[in-house]
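Residue numbers (the working numbering): 6 to 608.
Where a beta carbon is used, it is the ideal one built from N, C-alpha and C, also for glycine.
A short write-up of the structure that comes next.
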Amino acid sequence: MSVLKKAGYFNTSLEREMSSSFQQHSPFVTTTIPLNHAYYRQFQIEPTLYQCFFEHSSDAMLIADADCKILHVNPAFAAITGYSLEESVGQTPHLLSSGVHNDSFYDQLWESLNQKGYWRGELVNKHKNGELFSIWQRINVIEDDNRQVLYYISSFSDISIIKNTERKLWQMAHLDSLSGLANRALFEQRLLQEIFAAKRSGQFGAVIFLDLDDFKKINDSLGHKYGDKVLQEVAKRLQTILRTEDTVARLGGDEFIILLSGLTHNLDDAEKMAGSVAQKVLDALLQVYLIDSQELQISASLGITLFSTAFDESTEKLLSQADIAMYAAKTEGKSTFSFYHPGMQEQANKRLSIETELRFALQNDQIILFYQPQYGSGHQLLGFEALVRWQHPEKGMISPDDFLPIAEETGLIIELGERILYLACHQLAAWHSQGFEVPHLAINISPVQFNHFNFVESVISALELTGVNPYAVMLEITESLIIKDVNEVIEKMRLLKQRGIRFSIDDFGTGYSSLAYLQRMPIDQLKIDRSFVQDITRNENDAALVNAIIAMAGSLKLDIIAEGVETFEQVDHLVGCGCNAFQGYWFSRPLPGAEVLAKLDKG
Ligand code: C2E
Ligand code: CA
Ligand code: CA
Numbered sequence: 006m007s008v009l010k011k012a013g014y015f016n017t018s019l020e021r022e023m024s025s026s027f028q029q030h031s032p033f034v035t036t037t038i039p040l041n042h043a044y045y046r047q048f049q050i051e052p053t054l055y056q057c058f059f060e061h062s063s064d065a066m067l068i069a070d071a072d073c074k075i076l077h078v079n080p081a082f083a084a085i086t087g088y089s090l091e092e093s094v095g096q097t098p099h100l101l102s103s104g105v106h107n108d109s110f111y112d113q114l115w116e117s118l119n120q121k122g123y124w125r126g127e128l129v130n131k132h133k134n135g136e137l138f139s140i141w142q143r144i145n146v147i148e149d150d151n152r153q154v155l156y157y158i159s160s161f162s163d164i165s166i167i168k169n170t171e172r173k174l175w176q177m178a179h180l181d182s183l184s185g186l187a188n189r190a191l192f193e194q195r196l197l198q199e200i201f202a203a204k205r206s207g208q209f210g211a212v213i214f215l216d217l218d219d220f221k222k223i224n225d226s227l228g229h230k231y232g233d234k235v236l237q238e239v240a241k242r243l244q245t246i247l248r249t250e251d252t253v254a255r256l257g258g259d260e261f262i263i264l265l266s267g268l269t270h271n272l273d274d275a276e277k278m279a280g281s282v283a284q285k286v287l288d289a290l291l292q293v294y295l296i297d298s299q300e301l302q303i304s305a306s307l308g309i310t311l312f313s314t315a316f317d318e319s320t321e322k323l324l325s326q327a328d329i330a331m332y333a334a335k336t337e338g339k340s341t342f343s344f345y346h347p348g349m350q351e352q353a354n355k356r357l358s359i360e361t362e363l364r365f366a367l368q369n370d371q372i373i374l375f376y377q378p379q380y381g382s383g384h385q386l387l388g389f390e391a392l393v394r395w396q397h398p399e400k401g402m403i404s405p406d407d408f409l410p411i412a413e414e415t416g417l418i419i420e421l422g423e424r425i426l427y428l429a430c431h432q433l434a435a436w437h438s439q440g441f442e443v444p445h446l447a448i449n450i451s452p453v454q455f456n457h458f459n460f461v462e463s464v465i466s467a468l469e470l471t472g473v474n475p476y477a478v479m480l481e482i483t484e485s486l487i488i489k490d491v492n493e494v495i496e497k498m499r500l501l502k503q504r505g506i507r508f509s510i511d512d513f514g515t516g517y518s519s520l521a522y523l524q525r526m527p528i529d530q531l532k533i534d535r536s537f538v539q540d541i542t543r544n545e546n547d548a549a550l551v552n553a554i555i556a557m558a559g560s561l562k563l564d565i566i567a568e569g570v571e572t573f574e575q576v577d578h579l580v581g582c583g584c585n586a587f588q589g590y591w592f593s594r595p596l597p598g599a600e601v602l603a604k605l606d607k608g
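Structure below.
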């Protein structure tokens, strides 16, 4: 303790001394101190003072002769580098060389020493145990009167902690913590560099936007932690197949982005190259994943946009173009890639405005239902199918084909579907309570809506809120559902069937559902698709198919209904095949709720 105190005292008194008498002559500033200067005389007189400073300094210190041979080092040197005094003396500072710095670095260092008499800077050294560490180093040259080098004195401190913190801060600012990939900020930095590089070189670069298909389903069904592992695995695969000079970043969620640079000067060739990378990515991601002993397969949709000399736009513009192209790949049926072209922008704008307006529409009662009657062969009313309409204040009545796909892609379908369920059940309950006989109301259910974890609850809640008779509610689902997770689908149907709800398979014959699965599902009705009905009187194949469907429905004890019936000949033909339920323009177009009353009988 007393030694430390003493050292502390000496250090501060020495500092004072240095600042007063060294300021003009300090070897740390100038190299021309006469050897008979008071500094050296004092050193002769009070060697213990300087020795104490040297021995107790927390900075490593080293004195070397004109040939750079180490004459002396202090204990801090040994502590920081791992080399003892005995091991160091006689060596050169090369002992600590890390190999990190190149020749030009050392050239500059020596130039400064030779011309200015000192050098200061950051350096990476190698510890005796092989580990690299960063130091802040000061080297001074001591010369005699004839400017002959006598000594080099150097002191340095370990700044590894500072450098590590710096690195961590950089990582936080530039890397995505989940995947370790670049984040959006770093990606945009690199993209900007590449845009300039492409301008200079005339070589094309490409931005590829990647979005996993149906990732939300994985998150919803297997949990976010599992979803994170999938994302990490995707990141790993992307890094493995791309070149080191390509940048791959995660934008967040299940969105990734890839930057390819220096492709070629020719647009066609550049497209081919980017396309083949995209295909490689698709193939790699499609390989089965084994995560937590669960196997799964996931695909992705990719959008590509190219840039070169002619590109004057921002990084944002490129990202948005690639995003738009990715979107096109999604609509093309996913698990594919597409290239951006200017026409896509217009479509994207339209989509965006529909999405915004649809949100507004939902909150402002612009979503209404039409009802299309269904009749038996004796022209008796069997029920209705509810068909959604968007009553737009300026654009008029918008058909579901123009907004449902957008609602499905944006997830708005969940809210929209709940509204439709409520409106339909509410209307049916109202008819019943007014004494009208409506045997059933069919309600269309989007596959996205059905697959949502909350689907069963949302139906039950509509039943309870409206007090409708569940036995009069028929849900129309499509075959596409059956391809996925049959057991889950069956379970949801079973829960609703317990309440009395019935199910119809819409557009039957157009999907590619396995009939074996169909047999396992608690279905009540098959709805023959309009496309078969349309050609039933003209096309023998369609007629044969309709015949087969009707026969199969009979053997599975399922009801059957034909939709899109437009002519008497079609009715006649269908009756001939044994079909006794119809829906179509021949009978009635879909009607607004108020007009339906005319079709209804009391009691
Ligand atoms: P969908 O379920 O097959 O509905 C039948 C469609 O055929 C309706 O078109 C209807 O207006 C039309 N249609 C009826 N009879 C005839 C006919 O004789 N000839 C012709 N050419 N067409 C006929 P809409 O209302 O435009 O609906 C289109 C599709 O939008 C529906 O096909 C359904 O897939 C979807 N959709 C409609 N309403 C809803 C809804 O409330 N929820 C969900 N999820 N989807 C709905
Ligand atoms: Ca339908
Ligand atoms: Ca249909």
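Practice problem: Closer than 7 Å by C-beta to Leu90: which residues in its own chain qualify, once you throw out the five before and the five after it? Chain order, please. | Solution: Counted from its first residue, the sequence shown places residue 90 at position 85. Same-chain partners within the cutoff: Val78 and Ala83.
Quiz prompt | Glu568 beta carbon less than 8 Å from that of Gly583 | solution = As a working note, residue 583 is residue 578 in the sequence shown. As a working note, residue 568 is residue 563 in the sequence shown. No, the Cβ-Cβ distance between Gly583 and Glu568 is not below 8 Å.
Quiz item: What do you reckon, is the C-beta of Glu529 under 7 Å from a heavy atom of ligand 3?
Solution: Numbered from 1 along the sequence shown, position 524 holds the residue referred to as residue 529. Inspection of the sequence shows that residue 529 is occupied by Asp rather than by Glu. In this structure, the C-beta of Asp529 stays at least 7 Å away from each heavy atom of ligand 3.
Self-check item: Endpoints, alpha helix (DSSP H) assigned at His578
Solution: Taking the first residue of the sequence shown as position 1, residue 578 is located at position 573. First-last of the alpha helix (DSSP H) with His578: Phe573 to Cys582.
Practice problem: Excluding the 5 residues preceding and the 5 following Ala603 in the sequence, name in chain order all residues of the same chain whose CB lies nearer than 8 Å to its CB. | Solution: By 1-based counting over the sequence shown, the position of residue 603 is 598. Closer than 8 Å at Cβ, skipping near neighbours: no residue.
Quiz item: For ligand 2, which residues have a Cβ under 5 Å from at least one heavy atom, in chain order?
Solution: Each of Asn449, Glu481 and Asp511 has a C-beta closer than 5 Å to some heavy atom of ligand 2; these make up the full list, in chain order.
Quiz item: So, are the CB atoms of Asp216 and Met331 less than 8 Å apart?
Solution: The sequence position of residue 216 within the sequence shown is 211, counting from 1. The sequence position of residue 331 within the sequence shown is 326, counting from 1. Taking 8 Å as the cut-off, the Cβ atoms of Asp216 and Met331 count as close.
Self-check item: Own chain partners of Pro597 with C-beta closer than 7 Å, once the 5 adjacent residues on each side are dropped
Solution: On the sequence shown, position 592 is the one that residue 597 refers to. Contacts found: Phe375.
Quiz item: Leaving out five residues before and five after Trp436 in sequence, what residues of the same chain have Cβ atoms less than 6 Å from its Cβ?
Solution: Here residue 436 refers to the residue found at position 431 of the sequence shown. So the qualifying residues of the chain are Val443.
Self-check item: Alpha carbon of Ile418 to alpha carbon of Gln396, nearest angstrom
Solution: Walking along the sequence shown from the start, residue 418 turns up at place 413. Walking along the sequence shown from the start, residue 396 turns up at place 391. So the alpha carbons of these two residues sit roughly 17 Å apart.
Quiz item: Among Glu390, Cys430 and Ile200, which residue has its Cα nearest to the Cα of Phe587?
Solution: In the sequence shown, the residue the question calls residue 587 occupies position 582. That would be Glu390, whose Cα lies nearest to the Cα of Phe587.
Quiz item: Does the beta-carbon of Trp5 have 16 or more other beta-carbons within 10 angstroms, so that it is buried, or is it exposed?
Solution: Because the chain spans 6 through 608 in this model, residue 5 falls outside it and cannot be assessed.
Quiz item: How about the segment 146-161 and the segment 60-76: do they share at least three Cβ pairs that are nearer than 8 Å?
Solution: Because the criterion of three Cβ pairs below 8 Å is met, the segment 146-161 and the segment 60-76 touch.
Quiz prompt | Every unbroken alpha helix (DSSP H) within the segment 400-430, with a cutoff of 4 residues, ordered by chain | solution = Listed in chain order, the alpha helix (DSSP H) elements of length 4 or more contained wholly in the segment 400-430 are 405-415.
Self-check item: Reduced DSSP category for Arg507 - H, G, I as helix; E, B as strand; rest coil
Solution: Numbered from its first residue, the sequence shown carries residue 507 at position 502. Residue state, collapsed to three classes: strand.
Quiz prompt | Buried versus exposed call for Pro98 [16 or more other C-beta atoms within 10 Å across all chains shown] | solution = Position 93 of the sequence shown, counting from 1, holds the residue named residue 98. Answer is buried; the Cβ neighbour count reaches 16.
Practice problem: Name the residue from Gln292, Asn188 and Lys131 whose alpha carbon lies nearest to the alpha carbon of Trp175. | Solution: Here residue 175 is taken as the residue at index 170 of the sequence shown, counted from 1. Checked all of Gln292, Asn188 and Lys131; the closest Cα to Trp175 is Asn188.
Quiz item: So does the segment 229-243 actually touch the segment 345-364, counting three or more Cβ pairs closer than 8 Å?
Solution: The answer is no - the segment 345-364 does not touch the segment 229-243, with fewer than three Cβ pairs under 8 Å.
Quiz item: Beta-carbon separation of Leu486 and Val461 under 8 Å?
Solution: Counting from 1 along the sequence shown, the entry for residue 486 is found at position 481. Counting from 1 along the sequence shown, the entry for residue 461 is found at position 456. Going by C-beta atoms, Leu486 is not nearer than 8 Å to Val461.
Quiz item: Is the Cβ-Cβ distance between Ser304 and Ser340 less than 8 Å?
Solution: Here residue 304 refers to the residue found at position 299 when the sequence shown is read from its first residue. Here residue 340 refers to the residue found at position 335 when the sequence shown is read from its first residue. One thing to note: Ser304 has its Cβ within 8 Å of the Cβ of Ser340.
Quiz item: Should Arg594 be listed as close to ligand 3, given that the test is whether its C-beta is under 7 Å from any heavy atom?
Solution: As a working note, residue 594 is residue 589 in the sequence shown. Distances from the CB of Arg594 to the heavy atoms of ligand 3 are all 7 Å or more.
Self-check item: Near ligand 1: Gln377 beta-carbon under 7 Å from a heavy atom
Solution: In the sequence shown, residue 377 corresponds to position 372, counting from 1. Flag set: Cβ of Gln377 near ligand 1.
Quiz item: What's the C-alpha gap between Glu199 and Tyr231?
Solution: If you number the sequence shown from 1, residue 199 lands on position 194. If you number the sequence shown from 1, residue 231 lands on position 226. When rounded, the distance between both Cα atoms is 35 Å.
Practice problem: Please report the residue range of the alpha helix (DSSP H) in which Thr341 lies. | Solution: Translated into the one-based positions of the sequence shown, residue 341 becomes position 336. Boundaries for Thr341: no alpha helix (DSSP H) harbours it, and the DSSP string shows neither H nor E there.
Self-check item: Residue range of the alpha helix (DSSP H) that includes Pro475
Solution: Taking the first residue of the sequence shown as position 1, residue 475 is located at position 470. No alpha helix (DSSP H) holds Pro475; DSSP gives it neither H nor E.
Quiz prompt | Nearest neighbour of Asp277, chosen from Gln292, Leu311 and Asp297 [CA to CA] | solution = Locating residue 277 in the sequence shown gives position 272, counting from the first residue. Contrary to the premise, residue 277 reads as Lys rather than Asp in this sequence. Nearest of Gln292, Leu311 and Asp297 to Lys277, Cα basis: Leu311.
Exercise. Report yes if the C-beta of Glu571 is less than 7 Å from at least one heavy atom of ligand 4; otherwise report no.
Key: In the structure shown, ligand 4 is absent; the only ligands present are ligand 1, ligand 2 and ligand 3.
Quiz item: Does the Cβ-Cβ distance between Leu287 and Asp233 come in under 8 Å?
Solution: Looking up residue 287 in the sequence shown gives position 282. Looking up residue 233 in the sequence shown gives position 228. No, the Cβ-Cβ distance between Leu287 and Asp233 is not below 8 Å.
Exercise. Please work out which residues of its chain come closer than 6 Å, Cβ to Cβ, to Ser313, disregarding the five sequence neighbours upstream and downstream, and give them in chain order.
Key: Indexing the sequence shown from 1 puts residue 313 at position 308. Counting only Cβ-Cβ distances below 6 Å, and skipping sequence neighbours, we find Ala203 and Phe209.
Exercise. Return the chain-ordered list of same chain residues with a C-beta closer than 6 Å to the C-beta of Gln96, the five sequence neighbours on each side being excluded.
Key: Here residue 96 refers to the residue found at position 91 of the sequence shown. Shown here for Gln96: same chain residues with a beta carbon closer than 6 Å to its own, the five before and five after excluded, namely Ile75 in chain order.
Quiz item: Which two residues bound the contiguous beta strand (DSSP E) that contains Ser298?
Solution: Walking along the sequence shown from the start, residue 298 turns up at place 293. Segment: none, Ser298 is in no beta strand (DSSP E) and carries neither H nor E.
Quiz prompt | Spatial distance of Leu191 from Glu92 (CA atoms) | solution = Working through the sequence shown from its first residue, we reach residue 191 at position 186. Working through the sequence shown from its first residue, we reach residue 92 at position 87. Computed Cα separation, rounded: 45 Å.
Self-check item: In chain order, each alpha helix (DSSP H) run of at least 4 residues that lies wholly inside the segment 267-324
Solution: Unbroken alpha helix (DSSP H) runs of no fewer than 4 residues, entirely contained in the segment 267-324, are found at 272-291, following chain order.
Self-check item: Buried versus exposed call for Phe4 [16 or more other C-beta atoms within 10 Å across all chains shown]
Solution: As shown, the chain starts at 6 and ends at 608. That puts residue 4 outside it, with no answer to give.
Quiz prompt | For Tyr376, the three-state DSSP class (helix, strand or coil) | solution = By 1-based counting over the sequence shown, the position of residue 376 is 371. If DSSP states are grouped into helix, strand and coil, Tyr376 belongs with the strands.
Quiz item: What residues in its chain sit with their C-beta under 6 Å from that of Leu637, if we drop five residues either side in the sequence?
Solution: The requested residue 637 is not part of the displayed model; the chain covers only 6 to 608.
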